[in-house]
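In our numbering, the protein residues as written are 912 to 1035. By construction, the Cβ of each residue, glycine as well, lies at the ideal position given by its N, Cα and C atoms.
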């Protein structure tokens, strides 16, 4: 069970690039992470955004719950709209970028976030 945050600012959505040398290094992702024991998805997002970027999060609506499976992993991804306050600090990522929704799939996303983008963010 993991979380993903859709953070919008001025019509763009935040993507973060993982550091090289880490699992799935240099790939882009939506902020979020693994839900800890006894932790709600909302608490997870608040914690992860504080740890990864030193920002305060206000968790909004759940916009989707997606199952992702490949040969190595099975995930249940809870995707929320999130508002943040504070200045972003790159504590665990190499870069962040504000991206227009229709160009998200042009980025080299981690596989699970590619599914999130196709399911929830791209027009049908």
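### Message
According to DSSP, residue 991 sits in a beta bridge with which residue or residues?
### Response
Residue pairing by DSSP puts residue 991 in a beta bridge opposite 916, 973.
### Query
From 939, 969, 957, 929, pick the residue whose C-alpha is nearest to that of residue 1027; which is it?
Looking at 939, 969, 957, 929, the one whose alpha-carbon comes closest to that of residue 1027 is 939.
### Query
Since residue 914 and residue 946 are thought to touch, with beta carbons under 8 angstroms apart, how far apart are those beta carbons, to the nearest angstrom?
Right, their Cβ atoms sit about 6 angstroms apart.
#### Entry: Inter-residue Cα distance where the pair is residue 982 and residue 927
Answer to the nearest angstrom: the Cα atoms are 24 angstroms apart.
### Query
Do you know how far the Cα of residue 1016 is from the Cα of residue 1029?
Rounded to whole angstroms, residue 1029 to residue 1016 spans 8 angstroms at the Cα level.
### Limits of the unbroken beta strand (DSSP E) element including residue 925
In the DSSP assignment, residue 925 falls within the unbroken beta strand (DSSP E) covering 923-929.
### Rounded straight-line distance, which links the Cα of residue 959 to that of residue 996
Between residue 996 and residue 959, the alpha-carbon positions lie close to 14 angstroms from each other.
#### Entry: Span of the beta strand (DSSP E) around residue 945
Looking at the DSSP string, the run of the beta strand (DSSP E) that includes residue 945 is 943-945.
#### Entry: Span of the alpha helix (DSSP H), counted from its first residue to its last, around residue 959
Per DSSP, the unbroken alpha helix (DSSP H) holding residue 959 starts and ends at 952-964.
### Query
Between the C-alpha atoms of residue 925 and residue 993, what's the straight-line distance to the nearest angstrom?
One C-alpha to the other measures close to 11 angstroms.
### Query
Can you list, in chain order, the residues of its chain whose CB lies under 8 angstroms from that of residue 999, leaving out five sequence neighbours each side?
The beta carbon of residue 999 sits closer than 8 angstroms to those of 964, 965, 966, 1007, all from its chain and outside the five residues before and after it, given in chain order.
### Query
So residue 942 and residue 974 are in contact, right, with Cβ under 8 angstroms, and what is the actual spacing, rounded?
14 angstroms between Cβ atoms; not a contact.
### Message
Let's test the definition: count the other Cβ atoms within 10 Å of the Cβ of residue 1024 and tell me whether it reaches 16, buried, or not, exposed.
### Response
Counting Cβ neighbours within 10 Å, residue 1024 comes out buried, since at least 16 surround it.
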